[in-house]
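Inspection log for the structure reproduced underneath, given as structure tokens.
There are 2 protein chains.
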Amino acid sequence: MNDKQFNELLESVRDMGRHMRGEKVDGLRIREIPEPDVKAIREQTGLSQTRFAYLIGVKLKTLQNWEQRRVRPTGPARALLKIVEANPQALLVLHS
Amino acid sequence: MNDKQFNELLESVRDMGRHMRGEKVDGLRIREIPEPDVKAIREQTGLSQTRFAYLIGVKLKTLQNWEQRRVRPTGPARALLKIVEANPQALLVLHS
DNA sequence: GTAAATTGTACGCTAAAAGCGTACAATTTT
DNA sequence: AAAATTGTACGCTTTTAGCGTACAATTTAC
């Protein structure tokens with residue numbers, strides 16, 4: 001990705017920020033990131049628990065705890081899983 | 001994003017999985033996701049702590065704890081921040 | 001320009017997730 | 001069929017996520 005593209009992306013995010021500026025954080029526009037079906041998302045990628053866990057930066061046990069619903073992924077983990085669900089290629093960026 | 005594009009992305013991730021299949025998880029190929037400079041990444045986006053925090057699915061206090069280096073973001077949070085750093089537009093997907 | 005609102009720094013505390021150990025069943029590979 | 005990998009299950013410890021509070025700095029509104 002070159003600088004021009006990067007700056008265009010930055011600008012679009014800044015636009016988003018400006019757009020949101022007049023609104024309350026606890027208002028309707030920003031909602032909780034919904035709980036993902038972790039197992040389904042992983043299986044979509046065709047990766048084993050072991051590979052998937054380390055790719056997204058958690059220990060195997062943690063991923064298993066998510067899939068077995070013993071504990072629920074935290075906010076940023078849910079955000080990451082949502083990105084991966086929409087665009088599995090995002091994983092490629094993480095361990096370059 | 002249409003189904004065709006999505007399936008192409010899936011396939012590329014599966015390739016990655018296949019490529020890694022013969023390798024040890026604790027080997028060289030998969031490393032720890034490095035600690036991000038949270039404040040720098042947020043400032044690149046031009047967003048306030050409040051907006052950025054809720055966009056990535058953490059409370060304001062948590063983001064502040066990261067920026068002030070009181071606690072370090074967990075693995076998936078580091079992964080998410082790395083994606084945002086490389087591609088701020090990824091934030092747009094999270095609260096659609 | 002000054003008051004008001006927002007944003008950011010700082011830190012003690014509680015609740016919850018991240019991660020570890022262990023055991024064993026199920027599946028896949030050789 | 002044996003071996004290796006993958007997945008389920010659960011008790012326990014360490015660390016982070018999130019909350020409360022106070023106040024300084026910056027930005028916005030009057």
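So the protein sequences, as listed, match chains Y and F. Per full-length UniProt numbering, the first sequence starts with residue 1, numbered consecutively. Per full-length UniProt numbering, the second sequence starts with residue 1, numbered consecutively. Using N, Cα and C, we set each Cβ at its ideal position, and we do this for glycine too.
Within chain F, partners of residue i - CB distance below 8 Å
{"i": "I56 (chain Y)", "result": "G75, P76, A79"}
{"i": "I33 (chain Y)", "result": "G57, L94, H95"}
Proximity of residue i and residue j at Cβ, strictly below 8 Å
{"i": "L55 (chain Y)", "j": "L80 (chain Y)", "result": "no"}
{"i": "T74 (chain F)", "j": "T74 (chain Y)", "result": "yes"}
{"i": "residue 98 (chain F)", "j": "R72 (chain F)", "result": "The question about residue 98 (chain F) has no answer, for chain F in this structure spans 1 to 96."}
{"i": "G57 (chain Y)", "j": "R70 (chain F)", "result": "no"}
Partner residues on chain F for residue i, Cβ-Cβ distance less than 7 Å
{"i": "K61 (chain Y)", "result": "Within chain F, no residue comes near K61 (chain Y); the closest Cβ sits about 12 Å away, beyond 7 Å."}
Residues that residue i contacts on chain Y, provided the C-beta gap is smaller than 8 Å
{"i": "I83 (chain F)", "result": "L80, I83, A90, V93, L94"}
Proximal residues to residue i (C-beta, below 6 Å), its chain only, five neighbours per side dropped
{"i": "V38 (chain F)", "result": "W66, E67"}
{"i": "F52 (chain F)", "result": "R42"}
Check: residue i C-beta below 7 Å from any heavy atom of the ligand ZN
{"i": "P88 (chain Y)", "result": "For the ligand ZN, the structure offers nothing, since it holds no ligand at all."}
Nonlocal neighbours in the same chain, by C-beta distance under 7 Å from residue i, ignoring five residues either side
{"i": "Q64 (chain Y)", "result": "Q49"}
### Message
So, does the region 34-54 of chain F touch the region 78-88 of chain F, judging by three or more C-beta pairs under 8 Å?
### Response
yes
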